[in-house]
Amino acid sequence: MSSQLDNARSENHEVLIRFDDVSKVFGDVNAVDGISFSILQGEIFGIIGRSGAGKSTLVRLINALEKLSGGEIYVDDVKITSKTRSSDLKQLRTNIGMIFQSFNLFGSRTVFKNVEYPLKLAGVDKAQRRTRVLELLDFVGLAEKADVYPSKLSGGQKQRVGIARALATNPKILLADEATSALDPETTLDILKLLKKVNVEFKTTIVVITHTMSVVKLICDKVAVMNDGKVVEIGETSKVFENPQHEVTKNFISTLRTLESGKL
Amino acid sequence: MEYELLANNYVNWEKTWPFLTEAVQETLTMVSETLVVGGILGLLLGITLWSLRKGSILQNTVLYQILNFVINFIRPIPFIIFLTAVQPITIAVVGTSIGTTAATFPMIVFCTVATARLVEQALITVPSGVIEAATAMGASKLRIIFDVLLSETLAPLILSYAFLFVAVIDMSAMAGTIGGGGLGNYAIVYGYQKFNITITWVCVGIIIVIVQIAQLLANFFAKKVLSR
Ligand SMILES: Nc1ncnc2c1ncn2[C@@H]1O[C@H](COP(=O)(O)OP(=O)(O)OP(=O)(O)O)[C@@H](O)[C@H]1O
Ligand SMILES: [Mg+2]
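Chains as they are written, first to last, in the numbering used here: chain A, 816 to 1079; chain B, 610 to 837.
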């Protein structure tokens, strides 16, 4: 088992996440249907597709929020299979942050305590936790909101807290499932800038799920287009834009062009 | 005329007082025992129910349905009928069917069931995404229950327990009628059966005061928790 893992790493030193014939079924729905591709260290990787294409399911397999039905995923030096028990995944999960469309902050905790919680789980001592939380709140521009409860924040501020919380344990990977879908265009841009800053400053690999091609265009180095549980197109963002192959990709791009042109 | 002859609103306070304080003590004992035991068992059962629900941390539909059925079976039974219906079990468990101890057993059962449902209802208000966020951070199931579930629902849980307190006082009064002692028994025996409306209303007054104190305390703490 471990030799397989070594192979995976020696093939390409920069591979951080590798999907190998990954599938996930819910009853008779093939949500993810035999997907294989890799995400490199330091990339911002976009996953786009229509509703129900399987984007969330694919990404939730990375931190084992969903159990694999078949295939394998290599994340850093951890191998996930259908036999992996979620109770063995604490280490893996500490190394993966996640942000959500609905932010999912703890309403009963202040901003400070939200960001502190993953550090508590990781067993970091109190003084260090404090330093780290303040550092993160400063990074996301919410230092003055430390003692405020989430219900008092705007959507954009909530997502900033979400980002700070996801980054608390300094994970190598950040998963963003439609992190800007609930935000207005201006706030969306702020959050995208912040994600870019996270990527540049901390070298965090970011997996971005989105419905909109503009998000891909703005921040993603690479993009995978999903349809019906399969990756139908994958490549560098600029190449995919220049020369889209699949009908779904073409539709996404032409929608973007229409929006940009301002004419129906 | 006849009523007036029978009705006896005169109260010899010197004689009544010791009985009344004893009744208050009995009520408070029954109620607190029930609330502590039934409250804790109900909390555990409520958490269990939540965990067994579809999509939850220990998802098990069959077990959930069984527990659900038992709870739905017991809950609608009027407590006064439940009391008499479980008498054989009460005798088997506590050895007697009269007195405060005997009354406490069915109260605990009923309270557990009611608490479980209230707790479950409070817990399901926690968005699944919040649970998921904690899971994604590597929180264990136990951590999720204590750090996320219970702390996110503390205020509604406090209010649920205040509601239960009132329900348990109500139960204790009914338990009184089958010889359970306490204010309920006292009001029936010395108030109703002796046509002494004053005694009845003194009991009512005492119960109102106890309930008000409990509710005020609960509101205070819930508000404190909710100040966010
Ligand atoms: N827990 C689940 N149980 C049953 N079916 C599910 C579950 N989660 C997802 N599915 C199904 O799997 C398919 C893929 O869902 P998924 O949420 O991954 O899509 P998505 O691309 O993220 O869609 P959206 O853009 O709407 O978020 C859908 O058909 C969905 O109904
Ligand atoms: Mg989705």
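Quick reminder that beta carbons are idealized off the backbone N, C-alpha and C, glycines included.
Predicted, not measured: the structure shown is a model, and the values here were computed from it.
For V840 (chain A), the three-state secondary structure derived from DSSP is strand. W659 (chain B) and I914 (chain A) have their C-alpha atoms some 25 Å from each other. Counting along the chain, the unbroken alpha helix (DSSP H) around N794 (chain B) starts and ends at 791-795.
When the beta-carbon positions are compared, I1024 (chain A) and I862 (chain A) come within less than 8 Å of each other.
In this structure, T744 (chain B) has its CB at a distance of at least 7 Å from all heavy atoms of ligand 1. Judged by DSSP secondary structure, F860 (chain A) falls within the beta strand (DSSP E) whose first and last residues are 859-864.
Rounded to the nearest whole angstrom, the CA to CA distance from A879 (chain A) to K898 (chain A) is 11 Å. For ligand 2, a non-hydrogen atom lies closer than 7 Å to the CB of I1024 (chain A).
Taken in chain order, the complete beta strand (DSSP E) segments of 3 residues or longer contained in the stretch 864-940 of chain A are 885-890, 893-895, 911-915.
By the rule that beta-carbons nearer than 8 Å mark a contact, A745 (chain B) touches chain A.
If you ignore the 5 residues before and after R944 (chain A), its C-beta comes within less than 8 Å of the C-beta of E931, L934, K935, all in its own chain and listed in chain order. Between the C-alpha atoms of V703 (chain B) and A823 (chain B) there is a straight-line separation of about 29 Å.
Taking the Cα positions, V645 (chain B) is about 39 Å away from A983 (chain A). Against T909 (chain A), the close residues of chain B are G747, in the order they occur along the chain (beta-carbon pairs closer than 7 Å). At a C-beta separation below 8 Å, R752 (chain B) has these neighbours in chain A: L936. For K905 (chain A), the nearest CB of chain B lies under 8 Å from its own CB, placing it at the interface with that chain. Unbroken beta strand (DSSP E) runs of no fewer than 3 residues, entirely contained in the stretch 1029-1070 of chain A, are found at 1037-1042, 1045-1051, following chain order.
DSSP lists A:I914, A:V1023 as the beta-bridge partner residues of A991 (chain A).
Shortest Cα-Cα distance from N1014 (chain A) to any of A:K882, A:F918, A:F954, A:S871 involves A:F954.
Shown here, I832 (chain A) sits in a strand according to DSSP, grouped into three states. When CB distances to chain B are screened at a threshold of 8 Å, the residues of the stretch 875-900 of chain A falling below it are N878, L880, in chain order. Taking a beta-carbon distance threshold of 8 Å, P1059 (chain A) does not count as an interface residue toward chain B.
Beta bridge pairing from DSSP links N845 (chain A) with A:V840. Burial state of Y619 (chain B) is exposed, judged by a 10 Å Cβ sphere holding fewer than 16 other Cβ atoms. Under the DSSP assignment, K832 (chain B) falls in the alpha helix (DSSP H) whose first and last residues are 806-835. For G885 (chain A) and L826 (chain B), the gap between their C-alpha atoms comes out near 55 Å. Interface flag for P1000 (chain A) against chain B is unset, since no Cβ pair is found closer than 8 Å. With a cut-off of 7 Å, the C-beta of K870 (chain A) is classified as near ligand 2, since at least one heavy atom of the ligand falls inside that distance. Relative to D1036 (chain A), the option among A:G1077, A:L1010, A:R924 whose CA is nearest is A:L1010. In this model, N621 (chain B) and C720 (chain B) are separated by some 36 Å (Cα to Cα).
Within the chosen limit of 7 Å, ligand 1 does not reach the beta carbon of G647 (chain B) with any heavy atom.
For M913 (chain A), the neighbours in chain B by C-beta distance under 9 Å run, in chain order, E741, A742, A745, M746. Considering only beta carbons, no part of the stretch 638-657 of chain B lies closer than 7 Å to chain A.
Per the coordinates, the alpha-carbon of K1018 (chain A) lies some 5 Å from the alpha-carbon of G857 (chain A).
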